[in-house]
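Chains as they are written, first to last, in full-length UniProt numbering: chain C, 1 to 258; chain X, 1 to 354.
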């Protein structure tokens with residue numbers, strides 16, 4: 001009997017041992033990503049005129065998917081944030097499915113990341129849009145990916161997939177007034193952004209950390225003649241590629257970390 | 001320790017360790033897997049890794065496929081335009097029975113042997129899989145015009161759905177699980193029991209002399225695209241039904257080009273299968289040909305030249321078209337009739353359950 005008790009004790013130790021592995025020993029860190037939308041040197045706002053060269057813009061929407069966030073440690077090791085798919089936006093109400101329902105007006109610039117391993121970090125990487133695995137199959141839901149927020153194309157007119165980025169509103173140049181609908185999507189336009197922090201960031205302990213980023217809408221439109229091409233969709237492939245490259249290389253920057 | 005106790009010790013240890021792997025075991029040890037019988041003359045198939053067939057999933061998919069709750073006006077189900085008696089097509093050139101009552105821009109395709117459709121759905125392959133594809137007709141105002149929030153709300157009101165969704169999927173009634181269930185049911189729509197199949201499998205059926213002659217002509221003159229036992233290569237070709245391709249309606253007339261943006265794909269559309277073809281008139285992506293005779297006449301002497309017309313439609317002397325005598329046409333039609341699968345269109349396992 002004693003031996004059986006020993007065995008049971010041993011087994012219970014083993015059981016607990018299983019669970020222990022899953023928990024990380026030191027307190028994992030919290031990091032907020034603050035994606036501040038701007039237009040050049042001004043804060044971005046809806047229904048407000050912004051001048052850029054000879055054009056004046058007025059926006060009703062700026063939306064984009066941020067995905068597959070990776071935090072880069074000072075020694076080059078990478079921590080991949082699991083299930084990191086977030087919809088960042090500043091938008092008026094969006095009519096979804098030809099008006100079947102309305103997605104409410106919303107402003108969302110903050111992403112909270114939990115359980116980040118302690119350590120010293122030097123940079124961040126993330127995707128703009130959704131990679132092919134999820135982009136090709138709208139039934140595979142993960143993170144905030146959803147068909148319900150007007151950031152998918154389910155019509156016949158596109159490849160059935162996510163809209164990666166969307167800018168909407170109007171543009172005026174020399175009394176030429178255009179409604180603009182500037183979107184990216186399609187697997188080839190899934191791009192990664194890689195940014196270094198201004199100085200290393202120590203994550204851990206009880207302190208919560210902030211990474212302040214800037215998303216500059218004027219840079220997204222850099223080199224895009226929206227008067228000549230007010231609608232950018234799948235049929236405007238060259239312009240869409242140029243836009244996607246802008247998002248990858250120019251739009252985002254890290255202003256500070258603490 | 002005695003020998004028995006040592007064994008007991010190892011058993012306890014094994015149980016303790018295996019309990020760590022609980023999640024994996026739960027996935028592997030499913031007895032809910034749907035058994036799909038595929039006749040021997042059909043090509044090998046693989047189940048979808050992200051949405052494997054299960055008994056509950058297929059059962060649920062069938063209920064949803066025939067349920068009018070899936071449309072915004074609760075008057076249309078998938079089966080309204082994909083009717084079993086017509087091999088899951090609708091018999092109309094262009095359908096206009098959607099919620100908006102507007103005419104669609106393309107002809108309703110058949111739904112069967114989709115297990116093997118690996119190069120995209122829709123006439124231009126614009127959807128990668130059945131799951132994503134389903135969101136198109138579900139939400140389009142010219143088709144079922146359903147609000148996906150409302151769909152979840154309506155389905156949650158039905159106790160049988162609540163039970164079945166819970167059994168079939170981890171997270172119950174969601175629009176993503178609706179399309180997964182629909183995809184599972186559609187993958188079980190296998191048509192491979194025509195007279196041709198039974199002849200091919202030596203199941204005691206003999207084809208007539210004319211049908212045999214038709215099979216020979218068909219193999220010589222049609223099989224390069226209507227290939228193999230599926231009678232389609234699942235690929236995209238320009239079969240010369242137009243001289244030019246306008247880019248109205250965001251490129252819907254551009255065919256596969258709309259998706260690939262490859263100039264060689266201009267005006268190319270998916271090869272439809274010839275199985276059940278005599279049940280599925282009208283023909284072409286826009287349903288322009290009302291009868292199989294018109295289709296055969298098109299290939300014989302109606303092909304319109306353009307830069308991207310498929311090379312297979314040129315003869316050795318550079319002439320466009322596939323020469324077909326009237327005897328050959330009659331023989332082809334006789335053979336095509338042997339490709340109609342009466343068992344499939346009357347199979348009670350896939351019929352309307354309501």
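Don't be surprised by glycine CBs; every beta carbon is placed ideally from N, CA and C. Keep in mind that this is a model prediction, so the values were computed, not measured.
query, result
"Residue 312 of chain X classed as buried or exposed, judged by whether at least 16 other C-beta atoms fall within 10 angstroms", "exposed"
"beta-carbon residue 69 of chain C near the ligand ZN non-hydrogen atom, thresh 6 Å", "Summarising the ligand content, the structure contains no ligands, and the ligand ZN is consequently not present."
"Cβ-based neighbour list, residue 117 of chain X, same chain, cut-off 7 Å, excluding 5 preceding and 5 following", "234"
"Under 9 Å by beta carbon: chain X residues contacting residue 166 of chain C", "Those within 9 Å of residue 166 of chain C in chain X number zero; the least Cβ separation is about 16 Å."
"Residue(s) in a DSSP beta bridge with residue 194 of chain C", "C:125"
"Best match in C:217, C:234, C:181 and C:250 for proximity to residue 227 of chain C [C-alpha to C-alpha]", "C:181"
"The region 87-119 of chain C: positions lying closer than 9 Å to chain X by Cβ", "96, 97, 98, 99, 100 and 101"
"Cutoff 8 Å; reference residue 149 of chain C; Cβ partners in own chain excluding five residues on either side", "87, 94, 96 and 103"
"Chain-ordered neighbours of residue 233 of chain C on chain X, where CB pairs are closer than 7 Å", "250"
"Contact list for the region 131-144 of chain C against chain X, Cβ threshold 8 Å", "136, 137, 138, 139, 140 and 141"
"Neighbourhood of residue 321 of chain X by C-beta distance below 8 Å, restricted to the same chain and skipping five residues each side", "299, 300, 301, 302, 303, 313 and 315"
"Host beta strand (DSSP E) of residue 213 of chain C (start-end)", "208-216"
"Burial state of residue 122 of chain X (16 or more Cβ within 10 Å)", "buried"
"Residues that DSSP places opposite residue 113 of chain C in a beta bridge", "C:31"
"Counterpart residues of residue 37 of chain C in DSSP-defined beta bridges", "C:215"
"Start-to-end residues for the alpha helix (DSSP H) that takes in residue 246 of chain C", "237-249"
"Residue 116 of chain C vs residue 210 of chain C beta-carbon contact at 7 Å", "no"
"Nearest-angstrom Cα separation, counted from residue 37 of chain X out to residue 307 of chain X", "44 Å"
"Segment limits, alpha helix (DSSP H) that includes residue 363 of chain X", "Not covered by the structure: residue 363 of chain X. The range shown for chain X is 1 to 354."
"Amino acids of chain C, ordered along the chain, whose beta-carbon sits closer than 7 Å to that of residue 343 of chain X", "Result: empty, since nearest Cβ-Cβ is about 31 Å, beyond 7 Å."
"Proximity to residue 119 of chain X [Cα-Cα], best of X:61, X:269 and X:169", "X:269"
"Which of helix, strand or coil DSSP assigns to residue 347 of chain X", "coil"
"Unbroken alpha helix (DSSP H) run spanning residue 199 of chain X, endpoints", "195-200"
"Cβ distance (whole Å) where residue 176 of chain X is taken to contact residue 139 of chain C below 8 Å", "5 Å"
"Interface residues of the region 242-271 of chain X facing chain C [CB-CB below 9 Å]", "247, 249, 250, 251, 252, 254, 258, 259 and 261"
"Any chain X beta carbon closer than 7 Å to residue 237 of chain C", "yes"
"For residue 78 of chain C, the residue or residues it bridges with in DSSP", "C:72"
"Three-pair Cβ contact test at 8 Å for the region 158-174 of chain X versus the region 187-196 of chain X", "no"
"First through last residue of the alpha helix (DSSP H) which encompasses residue 214 of chain X", "209-221"
"Cβ contact check for the region 158-175 of chain C and the region 108-115 of chain C: 3 or more pairs under 8 Å", "no"
"Residue nearest to residue 161 of chain X in terms of C-alpha spacing, selected from X:82, X:205 and X:70", "X:70"
"Distance, residue 245 of chain C Cα to residue 185 of chain C Cα", "12 Å"
"Of the listed residues X:245, X:218 and X:244, nearest to residue 232 of chain X (C-alpha basis)", "X:218"
"Nonlocal neighbours in the same chain, by C-beta distance under 8 Å from residue 9 of chain C, ignoring five residues either side", "Confidence in residue 9 of chain C is poor, its pLDDT being 49 and thus under 50, which makes the residue's placement too unreliable to answer from."
"Helix, strand or coil at residue 153 of chain X according to DSSP, with G and I counted as helix", "helix"
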